[in-house]
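Q:
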Amino acid sequence: TTRSWDFLGLSSHSPVNALQSSSMGDGVIIGVFDTGVWPESKAFRDEGLGPIPSRWKGVCKSGKMFNAALHCSKKIIGARWYIDGFLAEYGKPLNASGDLEFLSSRDANGHGTHTASTAAGAFIPNVSYKGLGLGTVRGGAPRARLAIYKVCWNVHGGQCSSADMLKAFDEAIHDGVDVLSISIGSSIPLFSDTDERDGIATGSFHAVSKGITVVCGAANDGPSAQTVQNTAPWILTVAASTMDRSFPTPITLGNNKTFLGQATFRGKEIGFRGLVYPEAPGLDPNAAGVCQSLSLNVTLVAGKVVLCFTSMARRSAVASAAEAVQAAGGVGLIVAKNPSDVLYPCSGDFPCVEVDFEIGTRILFYIRSTRSPEVKLSDTKTIVGNPVLPKVAYFSSRGPNSIAPAILKPDITAPGVNILAATSPLDGFEDNGYAMHSGTSMATPHVSGIVALLKSLHPDWSPAAIKSALVTTALSNHPSSYPIFAEGSPQKPANPFDFGGGIANPNGAADPGLLYDMDTADYLHYLCVMGYSHSSISRLTGHPTQCHSVKQSILDINLPSITIPNLRKSITVTRTVTNVGAANSTYRAVIEAPFGTNVSIKPDVLVFRNQTKKMNFTVTVTATHQVNTGYYFGSLSWRDEVHVVKSPLSVRTEMLQPYISDN
Amino acid sequence: EATSKVHIVYLGEKQHDDPKLITNSHHEMLADVVGSKELASQLMVYSYKHGFSGFAAKLTESQAHKLAELPGVVRVIPNSLHKLQ
Chain A
1 TTRSWDFLGL
11 SSHSPVNALQ
21 SSSMGDGVII
31 GVFDTGVWPE
41 SKAFRDEGLG
51 PIPSRWKGVC
61 KSGKMFNAAL
71 HCSKKIIGAR
81 WYIDGFLAEY
91 GKPLNASGDL
101 EFLSSRDANG
111 HGTHTASTAA
121 GAFIPNVSYK
131 GLGLGTVRGG
141 APRARLAIYK
151 VCWNVHGGQC
161 SSADMLKAFD
171 EAIHDGVDVL
181 SISIGSSIPL
191 FSDTDERDGI
201 ATGSFHAVSK
211 GITVVCGAAN
221 DGPSAQTVQN
231 TAPWILTVAA
241 STMDRSFPTP
251 ITLGNNKTFL
261 GQATFRGKEI
271 GFRGLVYPEA
281 PGLDPNAAGV
291 CQSLSLNVTL
301 VAGKVVLCFT
311 SMARRSAVAS
321 AAEAVQAAGG
331 VGLIVAKNPS
341 DVLYPCSGDF
351 PCVEVDFEIG
361 TRILFYIRST
371 RSPEVKLSDT
381 KTIVGNPVLP
391 KVAYFSSRGP
401 NSIAPAILKP
411 DITAPGVNIL
421 AATSPLDGFE
431 DNGYAMHSGT
441 SMATPHVSGI
451 VALLKSLHPD
461 WSPAAIKSAL
471 VTTALSNHPS
481 SYPIFAEGSP
491 QKPANPFDFG
501 GGIANPNGAA
511 DPGLLYDMDT
521 ADYLHYLCVM
531 GYSHSSISRL
541 TGHPTQCHSV
551 KQSILDINLP
561 SITIPNLRKS
571 ITVTRTVTNV
581 GAANSTYRAV
591 IEAPFGTNVS
601 IKPDVLVFRN
611 QTKKMNFTVT
621 VTATHQVNTG
631 YYFGSLSWRD
641 EVHVVKSPLS
651 VRTEMLQPYI
661 SDN
Chain B
664 EATSKVHIVY
674 LGEKQHDDPK
684 LITNSHHEML
694 ADVVGSKELA
704 SQLMVYSYKH
714 GFSGFAAKLT
724 ESQAHKLAEL
734 PGVVRVIPNS
744 LHKLQ
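Same order as they appear, the protein sequences are chains A and B. The first sequence stops at residue 663 when you use this note's numbering, and every number in between is there. The second sequence stops at residue 748 when you use this note's numbering, and every number in between is there.
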């Protein structure tokens, strides 16, 4: 967070932005469902905060190494933990498989401290990770209050039972939180939106119907399509991007050529050393140089730097290669892999530098063409600002939505790669109480912090209105007008299935002009269309609910996006917008039609006067070809002199029912 | 008898605002199926009574089926695990 808030336009040095105009989220209560909190972290200082909001009805519960009187404050105003569901299933006492855990809200894992401090941590200057990313860490809403709900336990990296999460929802709704930040997911295939195995979908339905915005991570199963989780339309689902910061690490070869890799290496520079690529004789000379299965000859490797190649995107290949090279007496590692900006240090400050296949191949050619190849690995630098373009993270789960493809997911994107924030001192990656972590878990609290600012500015906005403001003002291009890319193989310009509306633009969302608002009735429309029975929908809502006898279209749910998964000839969808800008304003439609479609809007001019707050319009999308296609993307924007209210438009023509999704 | 597992008995929106009454009704519903109030207390894991109505309890498959057929029960579903992201 030493850079992410500046990247998002919420610099604390700027006198005019949503951070300042919202009094930094003062008075807003953010509930965090996670692994608890390390309350002694400076990130949770409460200096300068006013009294706890009077509507707060929650509690601080003492427990192992957590004394409510000592550890709760005007910043951490609530702390509860939920383990009965987990223990009832897996037996008492809690078996953390060798990891430490506390039967209290204290965070042994570090994940909960990281997310809570990202959402609402105080300003802590001069923080870095071993000198990298130096700056001020803080939350998005530094004056918001935190209610900690520990629902995940430090077993196998963090496990959370749906019975425990539902209890946390039950009590958080009662306690009076305004926003819930949930960096938790399940796995594909998903449970339905009304299945309590997905405790998040059911619990969040009740939370949202009481005006609480629920922000969830989209999960880390990208870049494959249809992997996005937490897809219910009432949830605000967050994808992860990089930001305008990188960590170049010079690799200087013996021929004086220098390449830039990426690492978080801050150890001692090792000077020029021998460079080897483990090539084996035989039919497959490259087999010995695969990072995850390195078989090294100690006499060849000792005192040298090793180059290896891997097609694995995940970090495990780097970790196992580093271990093998260290065991063989090597002094450094260069890993050639598909580009991914997620960086973790190798253990013991061992220099391990990542490069892409092109640079890896050039280094390999140098090794093969030189009798005594040498290399120098220099320490990592931090670069911030314009030269570095943000990208949707490789790991960030992608749409389309596998439960209801007409509901665009993810909704929005925020920084979630190499995020430096407070952590537990027990976190294996911590440096003086801070760690760099990556995941949609890290992107989620960025959006939760932004939502807290918006709640402070517009206390009467519904969760759907807040989502609309975020989606329609998000940035799909870099300010320099370059399109934002999505990591993957190969990289490509990002589309709504990668980043929803785009990268969050909190200052735009504070003044969106128009809103696509929704209430519980709209969510019932969704549940009816999804085929849930009248009786179960009625019990969900607590009052008799009859679905319309004429089947409504899922496409007419008043979302700030339009996604048509099965266009044959022509489809007309309806939307309603609410003017939250100047009372007298005129908006004109600007269409960017997806390839192979004609799009028309009626009316294409919306004139708002004092009495008129809401207006309806229709969008007719017509296919110009008769073939099954994948998705093509465009947009519909309403513009006045001040605002651009942009909705992503995604269309797939489907003349025949496909046996596989062409997305 | 098959082993017991945690199930969530989901009753939807709460029907009134007295959490005590709601919890009592959960215990009664569970007692009707498992045979006694004492056993119901042992098996009850959570009573959801503020934001919505329902409970989590350790149930055998046959008890879960019986509960699912009671009026007012939206669904009975086994507990499951989620992960940090």
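Even for Gly, the Cβ is constructed at its ideal location relative to N, Cα and C.
Starting from the beta carbon of E89(A), find every residue of chain B whose beta carbon is closer than 8 Å, and list them in chain order.
A: Residue numbering aside, residue 89(A) sits at position 89 when the first sequence is read from its first letter. Neighbours of E89(A) on chain B, chain order: K668, V669, N742.
Q: Is the CB-CB distance between G158(A) and T35(A) below 8 Å?
A: In the first sequence, residue 158(A) corresponds to position 158, counting from 1. In the first sequence, residue 35(A) corresponds to position 35, counting from 1. It is a contact, given that the beta carbons lie within the stated cut-off.
Q: What residues of chain A sit near K677(B), judged by a beta carbon separation below 8 Å?
A: Position 14 of the second sequence, counted from the first residue, corresponds to residue 677(B). What K677(B) touches in chain A: G542.
Q: Report the partner residues of W5(A) according to the DSSP bridge assignment.
A: Locating residue 5(A) in the first sequence gives position 5, counting from the first residue. BP columns for W5(A) are empty, so no partner.
Q: Using a beta-carbon distance below 8 Å, is K721(B) in contact with chain A?
A: Residue numbering aside, residue 721(B) sits at position 58 when the second sequence is read from its first letter. It does; some Cβ of chain A falls within 8 Å.
Q: Do you know offhand how far E664(B)'s Cα is from V177(A)'s?
A: Within the second sequence, residue 664(B) is the residue found at index 1, counting from 1. Within the first sequence, residue 177(A) is the residue found at index 177, counting from 1. Its pLDDT being 49, under 50, E664(B) is placed unreliably by the model, and the measurement read from it follows with that caveat. Their backbone Cα atoms lie some 43 Å apart in a straight line.
Q: Between the alpha carbons of F169(A) and A207(A), how many angstroms are there, rounded?
A: Residue 169(A) sits at position 169 when you count from the first residue of the first sequence. Residue 207(A) sits at position 207 when you count from the first residue of the first sequence. Those two C-alpha atoms are separated by around 7 Å.
Q: Three or more C-beta pairs closer than 8 Å, one from the segment 136-148 of chain A and one from the segment 1-19 of chain A: is that the case here?
A: At 8 Å Cβ cutoff, the stretches touch.
Q: Cα separation between P339(A) and S246(A)?
A: In the first sequence, residue 339(A) corresponds to position 339, counting from 1. In the first sequence, residue 246(A) corresponds to position 246, counting from 1. Distance between the alpha carbons of P339(A) and S246(A): 13 Å.
Q: Check the DSSP bridge columns for Y587(A) and list the partner residues they point to.
A: For this step, residue 587(A) is matched to residue 587 along the first sequence. Y587(A) pairs with L606(A).
Q: Using beta-carbon positions only, say whether H137(A) and Y344(A) come within less than 8 Å of one another.
A: As a position in the first sequence, residue 137(A) is number 137, starting the count at 1. As a position in the first sequence, residue 344(A) is number 344, starting the count at 1. Here the sequence assigns Val to residue 137(A), which means His is not the residue at that position. Result no, Cβ atoms of V137(A) and Y344(A) do not sit closer than 8 Å.
Q: What number of angstroms, rounded off, separates the C-alpha of D498(A) from the C-alpha of P233(A)?
A: Translated into positions along the first sequence, residue 498(A) becomes position 498. Translated into positions along the first sequence, residue 233(A) becomes position 233. Computed Cα separation, rounded: 17 Å.
Q: Give a yes or no on whether the minimum CB-CB distance between F617(A) and chain B is below 8 Å.
A: If you number the first sequence from 1, residue 617(A) lands on position 617. No, its Cβ sits nowhere closer than 8 Å to a Cβ of chain B.
Q: Measuring straight from C-alpha to C-alpha, what distance separates E374(A) and R273(A)?
A: Residue numbering aside, residue 374(A) sits at position 374 when the first sequence is read from its first letter. Residue numbering aside, residue 273(A) sits at position 273 when the first sequence is read from its first letter. When rounded, the distance between both Cα atoms is 5 Å.
Q: Can you grab the Cα-Cα spacing for the pair P490(A) / S41(A), in whole Å?
A: Along the first sequence, read from residue 1 onward, the residue named residue 490(A) stands at position 490. Along the first sequence, read from residue 1 onward, the residue named residue 41(A) stands at position 41. Cα to Cα, the separation comes out at about 41 Å.
Q: DSSP three-state label for D411(A), please.
A: As a working mapping, residue 411(A) is identified with position 411 in the first sequence. The answer is coil: DSSP assigns D411(A) none of H, G, I, E or B.
Q: By the 9 Å beta-carbon criterion, what residues does the segment 155-175 of chain A contribute toward chain E?
A: Considering every chain present, this structure includes no chain E. Its protein chains are A and B.
Q: Rounded to whole angstroms, what is the Cα-Cα separation between L17(A) and S293(A)?
A: Here residue 17(A) corresponds to residue number 17 of the first sequence, with the count starting at 1. Here residue 293(A) corresponds to residue number 293 of the first sequence, with the count starting at 1. The identity of residue 17(A) in the sequence shown is Asn, whereas the question assumes Leu. Rounded to whole angstroms, N17(A) to S293(A) spans 51 Å at the Cα level.
Q: Consult DSSP for I270(A) and reduce its assignment to one of helix, strand or coil.
A: Here residue 270(A) corresponds to residue number 270 of the first sequence, with the count starting at 1. It is coil, neither helix nor strand.
Q: On a Cα-Cα basis, can you pick out the residue from R639(A), P565(A), L649(A) that is closest to A593(A)?
A: In the first sequence, the residue the question calls residue 593(A) occupies position 593. Of the listed residues, the one whose Cα sits closest to A593(A) is L649(A).
Q: Going by the DSSP bridge assignment, what does G31(A) pair with across the sheet?
A: Residue numbering aside, residue 31(A) sits at position 31 when the first sequence is read from its first letter. In the DSSP assignment, G31(A) forms a beta bridge with A147(A), L180(A).
Q: State yes or no: is the C-beta of L166(A) within less than 8 Å of the C-beta of Y711(B)?
A: Numbered from 1 along the first sequence, position 166 holds the residue referred to as residue 166(A). Numbered from 1 along the second sequence, position 48 holds the residue referred to as residue 711(B). Between L166(A) and Y711(B), the C-beta gap is smaller than 8 Å, which places the two residues in contact.
Q: Are N418(A) and K409(A) closer than 8 Å when you measure CB to CB?
A: Here residue 418(A) refers to the residue found at position 418 when the first sequence is read from its first residue. Here residue 409(A) refers to the residue found at position 409 when the first sequence is read from its first residue. No, the pair does not count as a contact, with Cβ atoms beyond the cut-off.
Q: Quick check on DSSP: helix, strand or coil for V335(A)?
A: Start at 1 with the first residue of the first sequence, and residue 335(A) comes out as number 335. Correct three-state label for V335(A): strand.
Q: Could you spell out the range, first to last residue, of the alpha helix (DSSP H) harbouring I200(A)?
A: Numbered from its first residue, the first sequence carries residue 200(A) at position 200. Unbroken alpha helix (DSSP H) run through I200(A): 199-209.
Q: Which residues in the same chain as F595(A) place their Cβ atom closer than 7 Å to its Cβ, once the five residues preceding and following it in sequence are excluded?
A: If you number the first sequence from 1, residue 595(A) lands on position 595. For F595(A), where only same-chain residues beyond five positions count, the Cβ hits under 7 Å are Y632.
Q: With a threshold of 8 Å between beta-carbons, can R315(A) be considered close to chain B, or not?
A: Position 315 of the first sequence, counted from the start, is the residue given in the question as residue 315(A). So, not an interface residue.
Q: Just to confirm the assignment, what range does the alpha helix (DSSP H) spanning K455(A) have?
A: Along the first sequence, read from residue 1 onward, the residue named residue 455(A) stands at position 455. In the DSSP annotation of this structure, the continuous segment of the alpha helix (DSSP H) that includes K455(A) starts and ends at 440-457.
Q: Quick one: grab the DSSP three-state call for Q726(B).
A: Walking along the second sequence from the start, residue 726(B) turns up at place 63. Here Q726(B) sits in helix by DSSP.
Q: For the beta strand (DSSP E) holding Y129(A), just list the boundary residues, first then last.
A: Taking the first residue of the first sequence as position 1, residue 129(A) is located at position 129. 124-129 is the span of the beta strand (DSSP E), which, as asked, contains Y129(A).
Q: In or out: V627(A) buried (at least 16 other Cβ within 10 Å) or exposed?
A: To locate residue 627(A), count along the first sequence from 1; it is residue 627. Its Cβ having fewer than 16 others within 10 Å, V627(A) is exposed.
Q: Would you say G199(A) and S397(A) are within 8 Å of each other, going by their C-beta atoms?
A: By one-based count along the first sequence, residue 199(A) stands at place 199. By one-based count along the first sequence, residue 397(A) stands at place 397. No. Outside cutoff.
Q: Out of L706(B), S699(B), P682(B), E701(B), state which residue places its alpha-carbon closest to the alpha-carbon of H670(B).
A: Translated into the one-based positions of the second sequence, residue 670(B) becomes position 7. Taking only the C-alpha atoms, the option nearest H670(B) is L706(B).
Q: Taking the runs of the alpha helix (DSSP H) that are 4 residues or longer, which of them lie wholly in the segment 689-747 of chain B?
A: Listed in chain order, the complete alpha helix (DSSP H) runs (minimum 4 residues) inside the segment 689-747 of chain B are 700-706, 724-731.
Q: Let's see if you can read the secondary structure: which residues bound the beta strand (DSSP E) around A79(A)?
A: In the first sequence, residue 79(A) corresponds to position 79, counting from 1. In the DSSP assignment, A79(A) falls within the unbroken beta strand (DSSP E) covering 76-81.
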